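In full-length UniProt numbering, the protein residues as written are 1 to 233.
Right under this line is the structure:
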């Protein structure tokens, strides 16, 4: 793959010459994770739309406040990392990224799950942990291929019933929210790897009442039994 990595703690913008590299497939503008550095780039330029062959774009740990609409023209994009920035919204045009299968948005300032993300039908991995999200739209049901959904450390008070239609989910992290109840069909998420991997579903740090924590610990069968027995009452 044709790859370019741009580094430097003084990185404020993308060098204009980069946008002439139209065959570029991988563009990396993030510090090494171990370094705990942050770069200082605040704006991804509109010219990013010229890089039509990009499959991977790494721009985490910067100071990004806005993503340009032109990102929606990157029709080959499969992996996008935007974690550890200052994003409070995303452009609607992102919904056009129909090949995108991995999207990292942890540690930003999102207050809702942007509707555009629910149009990304190839998505298998979505991390929106460490934001300020308080609602999940029912349109999340369109993410039928989703296998990993990370929602830790947000402000969720409830989940839509439609989340239970994501039958390919293997990993669902809901820890440290404000959830008092789970949807009645939650036990239908049968592919959550409850029995073998405790980490595959995480509820800790929620004031759960329905079902109670001791029921949740029994996994999908216990949750399903709980809801079905309450329907009979």
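Don't be surprised by glycine CBs; every beta carbon is placed ideally from N, CA and C. Computed from a predicted structure; not experimentally measured.
- Message: Relative to the C-alpha of residue 217, which candidate in 90, 111, 230 and 202 has its C-alpha closest?
- Response: Of 90, 111, 230 and 202, the smallest CA-CA separation from residue 217 is found for 202.
- Nonlocal neighbours in the same chain, by C-beta distance under 7 angstroms from residue 59, ignoring five residues either side: Take residue 59, set aside five residues on each side of it, and the residues of its chain with a beta-carbon closer than 7 angstroms to its own are 29, 30, 44, 81 and 82, in chain order.
- Query: Quick one: Cα of residue 160 to Cα of residue 41, how far?
  - Reply: Cα to Cα, the separation comes out at about 36 angstroms.
- Item | Cα-Cα separation, residue 92 to residue 184 | Here the alpha carbon of residue 92 sits roughly 31 angstroms from the alpha carbon of residue 184.
- Supposed close pair residue 192, residue 172 - CB separation, criterion 8 angstroms: Their Cβ separation, rounded to whole angstroms, is 6 angstroms, which keeps residue 192 and residue 172 in contact under 8 angstroms.
- Message: Let me confirm a value: residue 211 is counted as buried when at least 16 other C-beta atoms fall within 10 Å, else exposed. Which label applies?
- Response: In the assembly as shown, residue 211 is a buried residue. Its beta-carbon has 16 or more other beta-carbons within 10 Å.
- Whether residue 1 touches residue 25 by CB criterion (8 angstroms): Against a cut-off of 8 angstroms, the Cβ pair of residue 25 and residue 1 comes out as a contact.
- Task: In angstroms with no decimal places, state the Cα-to-Cα distance between residue 146 and residue 23.
- Result: Going by the C-alpha atoms only, they are around 29 angstroms apart.
- Query: In whole angstroms, what separates the C-alpha of residue 152 from that of residue 225?
  - Reply: About 26 angstroms.
- Closest by C-alpha distance to residue 142, when choosing among 130, 120 and 179: The shortest Cα separation from residue 142 among 130, 120 and 179 belongs to 120.
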